[in-house]
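Here the structure is laid out as C-alpha cells; the discussion comes afterwards.
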Amino acid sequence: MGRIRSLLIPGVDKTLLVKDAAKLMPDLTRRRFITGGASLGALSMLTGCDVVDSSSAEDLLKHVSKFNDAVQALIFNPNTLAPTFAESAITKPFPFNAYYSEDEAPDIDGKDYRFEVSGLVENKKAWTLDELYQLPQVKQVTRHICVEGWSAIGSWTGTPLRDFLKLVGADTRAKYCWFRCAEGYTSPIDMPTALHPQTQMTFKFADEILPRAYGYPMKIRIPTKLGFKNPKYVVSMEVTNDYKGGYWEDMGYNSFSGS
Amino acid sequence: MSTITPAFEAQQEPQVVGSQKIIQPAWVRMLHWINAVAMVLMIMSGWQIYNASPLFDFVFPSSITLGGWLGGGLLWHFAAMWLLMVNGLIYLTLGVATGRFRRKLLPITVDGVIGDTRAALTGRLSHDDLSRYNYVQKLLYAGIIVVGIVIVLSGLSIWKPVQLQWLTAIFGGYDTARYVHFVAMASIVGFLIVHVALAILVPKSLRAMIIGR
Numbered sequence: 364m365g366r367i368r369s370l371l372i373p374g375v376d377k378t379l380l381v382k383d384a385a386k387l388m389p390d391l392t393r394r395r396f397i398t399g400g401a402s403l404g405a406l407s408m409l410t411g412c413d414v415v416d417s418s419s420a421e422d423l424l425k426h427v428s429k430f431n432d433a434v435q436a437l438i439f440n441p442n443t444l445a446p447t448f449a450e451s452a453i454t455k456p457f458p459f460n461a462y463y464s465e466d467e468a469p470d471i472d473g474k475d476y477r478f479e480v481s482g483l484v485e486n487k488k489a490w491t492l493d494e495l496y497q498l499p500q501v502k503q504v505t506r507h508i509c510v511e512g513w514s515a516i517g518s519w520t521g522t523p524l525r526d527f528l529k530l531v532g533a534d535t536r537a538k539y540c541w542f543r544c545a546e547g548y549t550s551p552i553d554m555p556t557a558l559h560p561q562t563q564m565t566f567k568f569a570d571e572i573l574p575r576a577y578g579y580p581m582k583i584r585i586p587t588k589l590g591f592k593n594p595k596y597v598v599s600m601e602v603t604n605d606y607k608g609g610y611w612e613d614m615g616y617n618s619f620s621g622s
Numbered sequence: 568m569s570t571i572t573p574a575f576e577a578q579q580e581p582q583v584v585g586s587q588k589i590i591q592p593a594w595v596r597m598l599h600w601i602n603a604v605a606m607v608l609m610i611m612s613g614w615q616i617y618n619a620s621p622l623f624d625f626v627f628p629s630s631i632t633l634g635g636w637l638g639g640g641l642l643w644h645f646a647a648m649w650l651l652m653v654n655g656l657i658y659l660t661l662g663v664a665t666g667r668f669r670r671k672l673l674p675i676t677v678d679g680v681i682g683d684t685r686a687a688l689t690g691r692l693s694h695d696d697l698s699r700y701n702y703v704q705k706l707l708y709a710g711i712i713v714v715g716i717v718i719v720l721s722g723l724s725i726w727k728p729v730q731l732q733w734l735t736a737i738f739g740g741y742d743t744a745r746y747v748h749f750v751a752m753a754s755i756v757g758f759l760i761v762h763v764a765l766a767i768l769v770p771k772s773l774r775a776m777i778i779g780r
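So the protein lines, in turn, are chains Y and R. Under our numbering, the first residue of the first sequence carries the number 364, and numbering increases by one thereafter. Under our numbering, the first residue of the second sequence carries the number 568, and numbering increases by one thereafter.
This is the structure:
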C-alpha cells in the first residue's frame, strides 16, 4: 500500500475523495480528455505533437508535463533559497498529510531502523539511526506547499542531503536520488534539487524528534518542491541515472513539481 | 507610442473591402478565439484544482470541472497555460505595436463612462458602428486585459513561490496570491457572462468576430 502525502481537504470527505481518485480516475479522466478535444489542435501547435484523435489527449498532456519538467529544471536556480520565517510564524498544529489516518501511518522501531544507500555511491553501507543522528544538523523554518494548494509553515532540523551525498561518495553527476519509504511510497528527486543547500534529511520537527505523524524516523525536507516530493518514513536512497517513477508521479502529478 | 507615424496609423483604420469595412482584423479574430478556448480550459481545470483545497465554503460541481481529479486538472491547467500565455503575449505585443489598444480603448473618461452607462441602461446606446467602442466597452475591454495580466502573474507566483518569490511577495505572499488568482478568475467569469450575453443580443458583433465584418 502506498501513501498519499497530502489529501487532507477541509470540508471534503477524505475517504470518499481517495475512492474517487483511485477508482474513477482512468474512466473519468478519459471522458474529460475527450470533452476537451477542441483544444488539442491548438495545443499540438505549441508542442509539435501529432494529435490525430482525442484518445491521444492523455499522451499529449503527458508530453506537455515532461516539457514542463524541463522548463522547471531550467528555471530552478540552485542558489535561490526558499523564504525562511520566524518561529512565531509556524503553523500550529502542523497538518498531518496522508491518504490514510494517522494511526495507519508506518510505526517504525528506531532500534531496528536502517537507512539503505545504493546505486552510484562509493560507500553502500546501511546507516543506523544513531549513526545518522551523529551527523551535523541545521534547522530551517520554511513553507510546506501542498500540490492541493494549501500551505503550512514548519520547523525542520536535520542534515543537508548534499553533505550526506558527499560523505557516501555519491556520483553527483547522476540524474536522480530515488527515495523509498517504509510503506512503499517512492519519489525521484533530480540531482540539482538534491544538492540544494536547503534539501535536508530531517530528524526533528519543532526541535523534537520527528513524530510518527511527520515521518519518523526520517523525512526528506525539500522546501523548493511541493509536499508530495518530501517523502516521509524514508528507508532507502538510490543514486541513479534511471527515472524510476514515484507513487504520485506515476498517477499523473508533474514529476519535477518545483516551487 | 510616439514611434507610430500618422501614415502607419492611417493604414490601421478599418479597411473597406467591397462595400463593407473590416470591423475585426484577422489577427484579432484568431487570437480572440484561441484565447476563448484557452480561458475556458484554464477556468474549468482551475475549478478542479480549487476543489482540492477550497478557499471558500463551496466547491465547483464536477460536471463543470475539467480533468476528473486533481492530477488531471493540474495536467490540463499547466498545458493550457502555455496556450494562454503565448497567445496573450502575441495579443499584447500586436495590440501595442499596431496602435489598436490606443485607438480602440483610449481615452477612457469618467464622463464618457457615466454617460454611456446611462444610455445603455435606458436603451439609447447605439450599436450602429461596431468598429467604435463606447466608453463602457472601452472600460471593460481595457479592464479585462489588466485582469488577464494579473491572473497570469498571480498564477506564476503560486506556481513558483520560491524561484519567483519577488513576484509572490508583490501579491502579498503565497496564501494571499491564491485569493488574488481566485478573484481574477471570478472577474473573468463575470466578464464572460456579460460579454457572451451582449454578443447574443447584438449578433452582428458576434459575426464580426467570426468573419470580420
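No residue lacks a Cβ here, since even glycine has one placed at the ideal position from N, Cα and C.
Identity of the residue in G547(Y), I585(Y), P560(Y) nearest G608(Y) by Cα:
Your numbering for residue 608(Y) matches position 245 in the first sequence. G608(Y) has its Cα closest to that of G547(Y), out of G547(Y), I585(Y), P560(Y).
How about N701(R) and D683(R): do their beta carbons lie closer than 8 Å?
Locating residue 701(R) in the second sequence gives position 134, counting from the first residue. Locating residue 683(R) in the second sequence gives position 116, counting from the first residue. Contact annotation: N701(R) and D683(R) have beta-carbon atoms nearer than 8 Å.
Contact set for S622(Y): own chain, Cβ-Cβ below 8 Å, skip 5 residues either direction
The sequence position of residue 622(Y) within the first sequence is 259, counting from 1. A445, I508, P586, T587, K588, L589.
Own chain, CB closer than 7 Å to Q731(R), minus 5 neighbours either side, in chain order
Within the second sequence, numbered from 1, the residue matching residue 731(R) stands at position 164. A small correction: the amino acid at residue 731(R) is Leu; Gln does not occupy that position in the sequence shown. Excluding sequence positions up to five before and after L731(R), its CB lies within less than 7 Å of the CB of L723, S724, all in the same chain and listed in chain order.
Less than 8 Å separating the beta-carbons of V598(Y) and R543(Y)?
For the purposes of this step, residue 598(Y) is taken as the residue at position 235 of the first sequence. For the purposes of this step, residue 543(Y) is taken as the residue at position 180 of the first sequence. R543(Y) is positioned such that its CB atom lies closer than 8 Å to that of V598(Y).
Short check: CB of T520(Y) to CB of K595(Y), under 8 Å?
To locate residue 520(Y), count along the first sequence from 1; it is residue 157. To locate residue 595(Y), count along the first sequence from 1; it is residue 232. No. Outside cutoff.
Kindly identify the DSSP beta-bridge partner or partners of R506(Y).
Stepping through the first sequence from its first residue, residue 506(Y) is reached at position 143. Answer is I516(Y), bridged to R506(Y).
If we cut at 8 Å on Cβ distances, does R584(Y) have a partner in chain R?
Sequence index remark: in the first sequence, residue 584(Y) carries index 221 (1-based). Chain R contact via Cβ: absent.
So K727(R) contacts chain Y; which residues on that side make the cut at Cβ distance below 7 Å?
For the purposes of this step, residue 727(R) is identified with residue 160 of the second sequence, where counting begins at 1. Within 7 Å Cβ-Cβ: I438, S622.
For D678(R), decide whether its Cβ has a neighbour in chain C, counting only Cβ atoms nearer than 8 Å.
The question asks about chain C, but that chain is absent: this structure's protein chains are Y and R.
8 Å Cβ cutoff met for L524(Y) and A545(Y):
As a working mapping, residue 524(Y) is identified with position 161 in the first sequence. As a working mapping, residue 545(Y) is identified with position 182 in the first sequence. It is not a contact, given that the beta carbons lie outside the stated cut-off.
Minimum C-alpha distance to G613(R) - residue among A753(R), G739(R), L659(R)
Looking up residue 613(R) in the second sequence gives position 46. Of the candidates A753(R), G739(R), L659(R), the one whose C-alpha sits nearest the C-alpha of G613(R) is A753(R).
Nearest candidate by alpha-carbon position, reference V504(Y), set A515(Y), Q497(Y), E467(Y):
By one-based count along the first sequence, residue 504(Y) stands at place 141. Measuring C-alpha to C-alpha distances from V504(Y) to each of A515(Y), Q497(Y), E467(Y) identifies A515(Y) as the nearest.
So F749(R) contacts chain Y; which residues on that side make the cut at Cβ distance below 8 Å?
Taking the second sequence and counting its residues from 1, one reaches residue 749(R) at position 182. What F749(R) touches in chain Y: nothing, since even the nearest Cβ is about 10 Å away.
Quick one: Cα of I471(Y) to Cα of E465(Y), how far?
To locate residue 471(Y), count along the first sequence from 1; it is residue 108. To locate residue 465(Y), count along the first sequence from 1; it is residue 102. The straight-line gap separating the alpha-carbon atoms of I471(Y) and E465(Y) is approximately 13 Å.
Residues within the stretch 608-621 of chain R neighbouring chain Y, beta-carbon criterion of under 7 Å
The stretch 608-621 of chain R vs chain Y, Cβ under 7 Å: L608, I616, A619, S620, P621.
If you measure between the beta carbons of P555(Y) and P441(Y), is that distance less than 8 Å?
Stepping through the first sequence from its first residue, residue 555(Y) is reached at position 192. Stepping through the first sequence from its first residue, residue 441(Y) is reached at position 78. Cβ atoms of P555(Y) and P441(Y): closer than 8 Å.
Rounded C-alpha distance that separates Q435(Y) from E612(Y)
As a position in the first sequence, residue 435(Y) is number 72, starting the count at 1. As a position in the first sequence, residue 612(Y) is number 249, starting the count at 1. Rounded to whole angstroms, Q435(Y) to E612(Y) spans 15 Å at the Cα level.
What are the boundary residues of the beta strand (DSSP E) that K582(Y) is part of?
Here the question's residue 582(Y) lines up with position 219 in the first sequence. 582-584 is the span of the beta strand (DSSP E), which, as asked, contains K582(Y).
Y746(R) at chain Y interface by Cβ criterion, 8 Å:
As a first step, residue 746(R) is located in the second sequence; it is residue number 179 there, counting from the start. Contact with chain Y is absent for Y746(R), since none of that chain's Cβ atoms lies less than 8 Å from the residue's Cβ.
How long is the line joining the alpha carbons of R536(Y) and G666(R), rounded to whole angstroms?
Residue mapping note: residue 536(Y) aligns to position 173 of the first sequence, counting from 1. Residue mapping note: residue 666(R) aligns to position 99 of the second sequence, counting from 1. Rounded to the nearest angstrom, the two C-alpha atoms are 51 Å apart.
Residues in the same chain with beta-carbon distance under 6 Å from Q618(Y), minus the five sequence neighbours each way, listed in chain order, please.
As a first step, residue 618(Y) is located in the first sequence; it is residue number 255 there, counting from the start. This sequence places Ser at residue 618(Y); Gln is not what is there. Setting aside the 5 residues that flank it on each side, S618(Y) is surrounded in the same chain by D432, E612, each with a C-beta closer than 6 Å to its C-beta; the list follows chain order.
Checking contacts by CB at 8 Å: is R506(Y) closer than that to chain R?
For this step, residue 506(Y) is matched to residue 143 along the first sequence. Yes, because at least one Cβ of chain R sits closer than 8 Å to the Cβ of R506(Y).
Taking contact to mean 3 or more Cβ pairs, one atom from each stretch, closer than 8 Å, check whether the stretch 726-742 of chain R and the stretch 668-688 of chain R are in contact.
Flag = no, the stretch 726-742 of chain R and the stretch 668-688 of chain R do not touch.
List, in order along the chain, the chain R residues whose C-beta lies closer than 7 Å to that of E511(Y)?
In the first sequence, the residue the question calls residue 511(Y) occupies position 148. Under the 7 Å cutoff, chain R gives A619, S620, L637.
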